[in-house]
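Numbering (the working numbering), first residue to last: 1001 to 1467.
Cβ coordinates follow ideal geometry from the N, Cα and C atoms, glycine included.
What follows is a set of notes on a single structure, which appears directly below.
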């Protein structure tokens, strides 16, 4: 390894750069999201292909099949397969989002208000400006069209991190983490928009039951209840209450994720002390006449201590994140991304106010909203750019944030009941996300790698010393 590369790698790996407590889980998160983005793209392409095959009418027919659950005379549930995916499976996705937000707020980059200010303000610009662009371009549409202003506000973490992964070492870890923090702050904004502006008529009784269920979960957490079965049952009940209340059911997942404990029962020191004692006890028990029973008891106790030395949040995120990225979100894309072009006037749809509003909002709204708000925040001293991150990087990252696939499709389903408007919005999402991804990739690809910048700086210093 060259001397410059060795020094650079030491700098990257050092705790002076970013606390390792944050870097390790963040890198795990991004590695799964990057691979999940590929699976998500494949699922979206399959949906479009399926909808446009000679038997393409089966696409809509399949996802419109209804699932009915009745217990005696009680009518419990009656939803189409698409609604089950959007209301039930996506609750798990939003639960994982809630876990990630909780981790960032408690032990991650967003726990420090000064560090959180820059990505939070960048995300705010990336929500306000796209919404304004959409409103401006749909001003003369009338009807339901105006309700789609929330569609271009979202950032798809899986796709944006997937593009970042293609750039490899060309992007500094600080820039990657800035995009991740921005996307998470964007998720918080999208969740608030869904809760406030895309909620049906409220049923106060069911809403009260939802709050009561969340209160029970909170009390159980405080009391130290550790049974996963209890929380699965309680969480399912809360989900059903929220579904019936008129608030979108996926918000139950967010609420439960935010309530998940982020601190383990045993600290690192306690785990080391207990495990060391159990290992020494095992050596004594192994020599006893009843060694099998005693060793088994020791092993079970050690397993329990090891499990409780990892926080419930980390255990759940580790268990559910791959399922969310590789199964739930791709199934959501398969159920929602299909557009049957034979049923629409593609030219008119592409040039409609809804499609243009979504596409321009994702491309130009995100690009300028994030860049300008970041520039203002830095100039006012409210935050500073990560190391090895210049304004060209910010511009490229802002473009990547315009990839708004998953949550944009989700909000489209909430905003429109008109099939034509839904298809126009989907076309805008496809075009806008594609242009944003390509633009961001090309901008960031044109920049020198942090290693090249480091070597250039060293060479300039050496030449200056010689001169």
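Using three-state DSSP, classify residue i as helix, strand or coil.
i: residue 1014; result: Its pLDDT being 43, under 50, residue 1014 is placed unreliably by the model, and the measurement read from it follows with that caveat. Residue state, collapsed to three classes: coil.
i: residue 1229; result: helix
i: residue 1202; result: coil
i: residue 1337; result: coil
i: residue 1318; result: helix
i: residue 1248; result: coil
i: residue 1310; result: coil
i: residue 1140; result: coil
i: residue 1382; result: coil
i: residue 1173; result: helix
i: residue 1004; result: Its pLDDT being 48, under 50, residue 1004 is placed unreliably in this model, and the value from its coordinates should be taken loosely. The answer is helix: DSSP assigns residue 1004 an H, G or I state.
i: residue 1408; result: helix
i: residue 1264; result: coil
i: residue 1112; result: coil
i: residue 1458; result: helix
i: residue 1325; result: helix
i: residue 1222; result: helix
i: residue 1446; result: coil
i: residue 1154; result: coil
i: residue 1056; result: coil
i: residue 1259; result: coil
i: residue 1387; result: coil
i: residue 1403; result: coil
i: residue 1366; result: helix
i: residue 1463; result: helix
With DSSP as the reference, please indicate the residues paired to residue i in a beta bridge.
i: residue 1067; result: 1079
i: residue 1074; result: 1071
So residue i and residue j are supposed to be a Cβ contact under 8 angstroms. How far apart are they, rounded?
i: residue 1360; j: residue 1132; result: In fact, because the Cβ distance is near 11 angstroms, the residues do not count as touching under 8 angstroms.
i: residue 1106; j: residue 1253; result: Actually they do not touch by this definition, with Cβ atoms about 18 angstroms apart.
i: residue 1335; j: residue 1082; result: 5 angstroms
i: residue 1160; j: residue 1403; result: 5 angstroms
i: residue 1413; j: residue 1249; result: Actually they do not touch by this definition, with Cβ atoms about 13 angstroms apart.
i: residue 1423; j: residue 1339; result: 5 angstroms
i: residue 1421; j: residue 1145; result: 6 angstroms
i: residue 1076; j: residue 1069; result: 4 angstroms
i: residue 1040; j: residue 1183; result: Rounded, the Cβ-Cβ distance is 15 angstroms, inconsistent with contact.
i: residue 1247; j: residue 1199; result: 5 angstroms
i: residue 1416; j: residue 1090; result: At roughly 17 angstroms, the Cβ-Cβ gap does not stay under 8 angstroms, so residue 1416 and residue 1090 are not in contact.
Name the two residues that bound the continuous alpha helix (DSSP H) containing residue i.
i: residue 1418; result: Looking at the DSSP string, residue 1418 is not in any alpha helix (DSSP H), and its letter there is neither H nor E.
i: residue 1392; result: 1391–1400
i: residue 1090; result: 1090–1106
i: residue 1146; result: Residue 1146 -> no alpha helix (DSSP H), and no H or E assigned at all.
i: residue 1347; result: 1346–1350
i: residue 1085; result: Note, residue 1085: premise wrong, no alpha helix (DSSP H); not H, not E.
i: residue 1162; result: 1157–1167
i: residue 1359; result: 1353–1360
How about residue i: is its C-beta nearer than 8 angstroms to some C-beta of chain C?
i: residue 1051; result: In the structure shown, chain C does not exist; there is a single protein chain.
Do the segment 1321–1341 and the segment 1388–1399 meet, that is, are 3 or more Cβ pairs less than 8 angstroms apart? no
Can you find at least 3 beta carbon pairs, one from the segment 1187–1194 and one from the segment 1437–1446, that sit closer than 8 angstroms? no
Whether or not the segment 1116–1124 and the segment 1355–1374 are in contact is what I'm after, with contact meaning three or more pairs of Cβ atoms, one per stretch, closer than 8 angstroms; do they touch? yes
For the segment 1405–1415 against the segment 1141–1157, are there 3 or more C-beta pairs whose distance is under 8 angstroms? yes
Using 8 angstroms as the cut-off, can you tell me whether the segment 1210–1217 makes contact with the segment 1230–1248, which would need three or more C-beta pairs spanning the two stretches below that distance? yes
Any contact of the segment 1347–1360 with the segment 1098–1117, i.e. 3+ C-beta pairs under 8 angstroms? no
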